[in-house]
Amino acid sequence: MGRSADLTLEGVGYRYPRGERDALREISTVFPGGGCSAVMGADGAGKSSLLKALTGIVPMLSGGQLRGRVRYGQADLAQHRVSTITEYIGLVLQDPASQVIGRTVAEDVTFGPRNHLVPREEAERRGAEALERVGLAGFEARATAELSGGELQRLAIAGVLALAPDVLCLDEATAELDPAGADQLWTVLDELRNSGMGIVLAEGDPHGLLPRAEHLVVLDQGALAWQGSPTEFFAHPEQAAALGVRPAPMPQLAASLLAASPGLRRPGRLPVSLQETADWLRETLGGRRPPSPATDRVALPSVPAAIELEGLRFSYAGGPEVLHGIDLTIGAGEFVALLGANGSGKTTLVKHLNGLLRPNAGRVRLLGRDTANSQIWQLAQLVGFVFQDPGHQLFCGTVADEVGYGLRMAGRASDEIRRRVAEVLEFTGLSDVAGQNPLTLPRSRQQLVAMASTLVSRPQVLVIDEPTTGQDWNGVQSLMSLVERLNAEGATIVMISHDQELVAQYAHRAITLSAGRVIADGPAATQVTTEVTRLWAELFGAAMPPPRDANEAGQLLAAAIREPR
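To get my numbering, take the position in the sequence shown, counting from 1, and add 1467.
And the structure:
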């Protein structure tokens, strides 16, 4: 095989063993050697299958029959073993836990080189260099079982980098990372690309892709729906949304402004970058300033407390203290986002709300009840918990059985179970899949099943851990629309999320943790940094409150344009 060569797909089609339809359908495209390319599409579009085809995992390890041909340079991958291909093309899987197999970080990061018969000293040097690149230097002795989701993601990337491939394929690489970790990863990828390594990314968020990728492939139900320049694709936000791809915020803002301003001249192409948008708006506004955004979503004064933490301290058995005397009150009916770097204590904190963890010191009160005097099953009636990976809480044979499981365990009557299950399936839009196995559904609908299983108990507090992980844009909108509706009906929402745009759009309040301590607490739109907040600060100064999302920004700008100069 050649070095820094093109990856070429020629009429590639593939169906998994026992699959009901093709995962890939006659795809022909070229990923340029040494460049940065992206693969996008809705949940189930075939993105992961395509990356696995680029590395030989499909079909050599997965089984099934691959049609067409995948070439690296002039080499037909079908003529080489996966172990040989991985010397040239590395893949970081969507679920990092499935790729991390060593007991310690050092053991895991050197596993690949050692299996390729790299001498121990060289393998350790490569491992140390890879850990340094992803920000895990000093973690060598840490047990992999103790790592956070974001730390596992970085370790999986380091394990592939230690093999020194020529092409690095990454499947949703930033999904588990906090904003600082994602920025660090993009910096690493920039360095790798500058050194000549090719990059192919399956990614759901356009933020990091737009400044970097030259070639974009968009899949729809296994088929090639679009290929070309990412800038050209994202200049049409309605096209992106129709294909289940998250629109970029700047063209979405421009489209919102134009829709609300019928007389405004449309540019030849909607601006895509922040700088393009700022330049266009300066010319368009002519010195006019928009009104401040409405603030009725920010605070809920004088409401009873739903959650009260007093001096909360916690450490895992034999470990250092993780939470350091946290004092926090969340009012009934609030929508609160918990922010913070990977390992800052967010998940540890919320596990105290339903009794999965008990404090070493301090007090937790839930709806006025001291959790120290309550059993987990009692707290579960008050607090619903939707985990980051829905697969971890789905185990029944059908969606209907899954949703009704908690009621059966609580001894509810059969008629009541059937009625409440039917109600919540209708509420979540899952009635059409009531008889299907939940684990056969796309990730976005699995998340809805997990949500329905929680809502059927009618909890007054709902905790959601990273709701957008693994979701396409349609899934994110469906899930968050449901969460917003629950909040409007009075439920208290606590959402852990690294997605700054999502937090700004939906949450009333954001609380930031760092190393087990609360370091910031205030209105969500002022606690996060998004492209919209950066644009607002550049155009109108940091003192002006920013809008919560691109659509609201467009509406405010339209109001400014309607005012006379």
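Think of the CB as a built atom: it goes at the ideal place given N, C-alpha and C, for glycine as much as any other residue. All values derive from a computational prediction rather than experimental measurement.
Residue i to residue j span [Cα, whole Å]
i: P1826; j: R1780; result: 6 Å
i: R1482; j: M1507; result: 19 Å
i: R1764; j: A1991; result: Interpretation of R1764 is limited by its pLDDT of 48, a score under 50 that renders its predicted location unreliable; the figure taken from the coordinates is listed afterwards. Whole-angstrom Cα-Cα distance: 10 Å.
i: G1671; j: S1924; result: 32 Å
i: I1843; j: N1821; result: 6 Å
i: T1496; j: A1542; result: 16 Å
i: L1806; j: E1890; result: 33 Å
i: P2012; j: T1895; result: 34 Å
i: L1906; j: K1514; result: 19 Å
i: A1773; j: G1502; result: 51 Å
i: T1935; j: T1959; result: 19 Å
i: V1655; j: V1559; result: 14 Å
i: P1787; j: S1811; result: 13 Å
i: D1899; j: K1818; result: 33 Å
i: R1587; j: D1650; result: 32 Å
i: G1957; j: R1836; result: 19 Å
For residue i, the first and last residue of its enclosing beta strand (DSSP E)
i: L1980; result: 1976 to 1981
i: M1664; result: Segment: none, M1664 is in no beta strand (DSSP E) and carries neither H nor E.
i: I1556; result: 1556 to 1559
i: T1959; result: 1959 to 1963
i: T1475; result: 1474 to 1482
i: V1850; result: 1850 to 1853
i: I1931; result: 1928 to 1932
i: Q1532; result: 1532 to 1539
i: L1637; result: 1634 to 1638
Nonlocal neighbours in the same chain, by C-beta distance under 6 Å from residue i, ignoring five residues either side
i: G1557; result: V1627, L1630, P1632, L1635
i: F1852; result: N1821, V1930
i: P1563; result: L1619, Q1620, A1623
i: F1802; result: N1954, I1960, A1974, H1975
i: R1830; result: E1777
i: D1966; result: T1935
i: T1475; result: V1497, R1538
i: D1510; result: P1909, R1910, S1911, D1939, G1942
Residues sharing a beta bridge with residue i, DSSP
i: W1693; result: V1685
i: S1504; result: V1667, H1682
i: T1796; result: E1775
i: P1990; result: R1976
i: E1788; result: S1782
i: A1804; result: M1962, A1977
i: V1985; result: L1980
i: D1489; result: According to DSSP, D1489 bridges with nothing at all.
i: R1836; result: L1833
i: F1498; result: L1474
i: A1542; result: Y1539
Assigned exposure category for residue i - 16 Cβ within 10 Å defines buried
i: T1577; result: buried
i: Y1783; result: exposed
i: F1862; result: exposed
i: D1645; result: buried
i: L1603; result: buried
i: V1939; result: Reading off the sequence, residue 1939 comes out as Asp, not Val. Per the 10 Å Cβ criterion, buried.
i: M1717; result: buried
i: V1970; result: buried
i: A2009; result: exposed
Limits of the unbroken alpha helix (DSSP H) element including residue i
i: M1717; result: 1716 to 1727
i: L1518; result: 1514 to 1521
i: G1873; result: 1866 to 1876
i: E1743; result: 1741 to 1752
i: Q1913; result: 1910 to 1922
i: N1576; result: Contrary to the premise, residue 1576 reads as Val rather than Asn in this sequence. It spans 1572 to 1576 - the alpha helix (DSSP H) in which V1576 sits, taken as one unbroken run.
i: D1430; result: A query on residue 1430 cannot be resolved here, the shown segment of the chain reaching from 1468 to 2032 and no further.
i: A1828; result: From DSSP, A1828 is part of no alpha helix (DSSP H) but of the beta strand (DSSP E) over 1828 to 1833.
i: V1817; result: 1813 to 1817
i: I1552; result: 1549 to 1552
i: S1948; result: 1940 to 1955
i: G1617; result: 1616 to 1628
i: M1527; result: 1524 to 1527
i: I2028; result: 2017 to 2029
i: Q1860; result: Careful: Q1860 lies outside any alpha helix (DSSP H) and carries neither H nor E.
i: I1568; result: Note, I1568: premise wrong, no alpha helix (DSSP H); not H, not E.
i: H1674; result: 1673 to 1676
Cβ shell of residue i (< 7 Å), same chain only, five flanking positions each side left out
i: G1480; result: D1489, L1491, R1492, E1493, R1534, G1535
i: L1725; result: L1731, R1733
Beta-carbon proximity list for residue i, same chain, < 8 Å, skipping 5 on both sides
i: A1721; result: P1734, L1737, P1738, T1744, W1747, G2021
i: A1505; result: V1667, L1668, A1669, E1670, L1676, A1680, H1682, L1683, V1684, P1697
i: A1647; result: A1808
is_contact[residue i, chain B] using C-beta, thresh 8 Å
i: N1821; result: Among the protein chains of the structure shown there is no chain B, as only one such chain exists.
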